[in-house]
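Participant:
Below, the structure is given as structure tokens:
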């Protein structure tokens, strides 16, 4: 990783912060984007005073300016890690539709805006794009419809970009992680409603973050097409229809009660979002 110039979105905490620190430790030059300025500044300090910017990933003009500015500071770009994302439980019927809008704005449009801004800097041999998807792109659970839809869309963007960049020599990889030991998991789905449906806070148990960060670093070094963490995620991806059937068969009891709880349970996004114009309105 020595000397590699890598842009990371959502770098204030969780996967983004841990990956930035590890890449810096192994000689990479990182540039960081995020909206939690105090946390982001601390991560940047831990990374040898790496360049960083506040950036609302849902604002295309701002993303363009920030990516261009950070790329200029690095003197070019070898890789981008599209990691920024949010989660919040949503009952599809009777839930707040603005949850879906906000989730898609950050998790899908934010990825697209980042790729659009960084793409011209990465359209060269040896460059790499790593998109942080999720097992939720393949396995769809109650209350996770907004998050799952967003990660399935990230899958589609990654597959399409891989083909469109092939002639340049650039490569595109996808990261599929289960429920990791991050605030995304604990704050996003560790709710009373989720516990009512699943019988616990998560469906697969909490996996340590370290192996996922190691997998990301290997992917950046090898320009891998796909990485997973934990290891068993790979098996689930290969048998998506069967895995989804088993989920639906297993989660028969408790769903109705959990949905009732979700419609009134106070929740928030895993990261507080800046005010944005809304296309959808919260319904009474």
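Numbering (the working numbering), first residue to last: 1029 to 1312.
Note that beta-carbon positions come from the ideal geometry of N, C-alpha and C, so glycine has one too.
1) Would you mind stating whether residue 1059 and residue 1078 have Cβ atoms separated by less than 8 Å?
2) Keeping to the same chain, check which residues put their C-beta closer than 6 Å to that of residue 1170; ignore five residues upstream and five downstream.
3) Using 8 Å as the threshold, is the C-beta distance between residue 1182 and residue 1136 below it?
4) Under the three-state reduction of DSSP, which class applies to residue 1062: helix, strand or coil?
5) When you compare the CB of residue 1299 with every CB in chain B, is at least one pair closer than 8 Å?
6) Three Cβ pairs or more, each shorter than 8 Å: is that satisfied between the region 1113-1133 and the region 1186-1200?
7) Check whether the Cβ atoms of residue 1042 and residue 1219 lie closer than 8 Å to each other.
8) What does the Cβ neighbour count give for residue 1263, buried or exposed, with the cut at 16 atoms within 10 Å?
9) Suppose you measure from the CA of residue 1065 to the CA of residue 1092; what does that come to, to the nearest Å?
10) Do you know offhand how far residue 1178's Cα is from residue 1113's?
11) Exposed or buried, which one is residue 994 when buried takes at least 16 other CB atoms within 10 Å?
12) Where are the alpha helix (DSSP H) runs, 4 residues long or more, that stay fully inside the region 1085-1117, in chain order?
13) Looking at the structure shown, is residue 1199 part of a helix, part of a strand, or coil, going by DSSP?
14) Would you check if the distance between the CB atom of residue 991 and the CB atom of residue 1234 is smaller than 8 Å?
15) For the beta strand (DSSP E) containing residue 1256, name the first residue and the last one.
16) Taking the C-alpha atoms as reference points, what is the distance between residue 1269 and residue 1260?
17) For residue 1084, which residues from the same chain have a beta carbon less than 7 Å from its beta carbon, with the 5 sequence-adjacent residues on both sides left out?
18) Taking all protein chains shown into account, decide if residue 1306 is buried (16 or more other Cβ within 10 angstroms of its Cβ) or exposed.
19) Thinking C-alpha only, which one of 1207, 1280, 1152 and 1038 is nearest residue 1237?
20) Output the distance between the C-alpha atoms of residue 1154 and residue 1033, rounded to the nearest integer angstrom.
21) Under 8 Å: do the region 1286-1293 and the region 1117-1124 share three or more Cβ pairs, one atom per stretch?
Facilitator: Considering the structure as presented:
1) A contact, by the Cβ cut-off of 8 Å.
2) If we look at residue 1170 and ignore the five residues flanking it on each side, its Cβ neighbours are 1225 and 1283.
3) The Cβ atoms of residue 1182 and residue 1136 sit closer than 8 Å to each other.
4) Residue 1062 carries a strand assignment under DSSP once its states are collapsed to helix, strand and coil.
5) Although the question refers to chain B, the structure presented lacks it and comprises just one protein chain.
6) No, the region 1113-1133 does not touch the region 1186-1200.
7) Cβ atoms of residue 1042 and residue 1219: not closer than 8 Å.
8) By the 10 Å Cβ count, residue 1263 comes out exposed.
9) Taking C-alpha positions only, residue 1065 is separated from residue 1092 by approximately 19 Å.
10) Each residue's alpha carbon lies about 9 Å from the other.
11) Within the shown structure, residues of the chain are numbered from 1029 to 1312, placing residue 994 beyond reach of any answer.
12) Counting only runs of 4 or more, we get 1088-1102.
13) It is a strand residue.
14) Residue 991 is absent from the structure shown; the chain starts at 1029 and stops at 1312.
15) Note, residue 1256: beta strand (DSSP E), 1254-1257.
16) Between residue 1269 and residue 1260, the C-alpha separation is close to 16 Å.
17) Only 1063, 1090 and 1302 meet the Cβ criterion.
18) Exposed, because fewer than 16 other Cβ atoms sit within 10 Å of the Cβ of residue 1306.
19) Looking at 1207, 1280, 1152 and 1038, the one whose alpha-carbon comes closest to that of residue 1237 is 1207.
20) Separation of residue 1154 and residue 1033 (C-alpha to C-alpha, rounded to the nearest whole angstrom) is 12 Å.
21) With a cut-off of 8 Å, the region 1117-1124 and the region 1286-1293 count as touching, because enough Cβ pairs lie within range.
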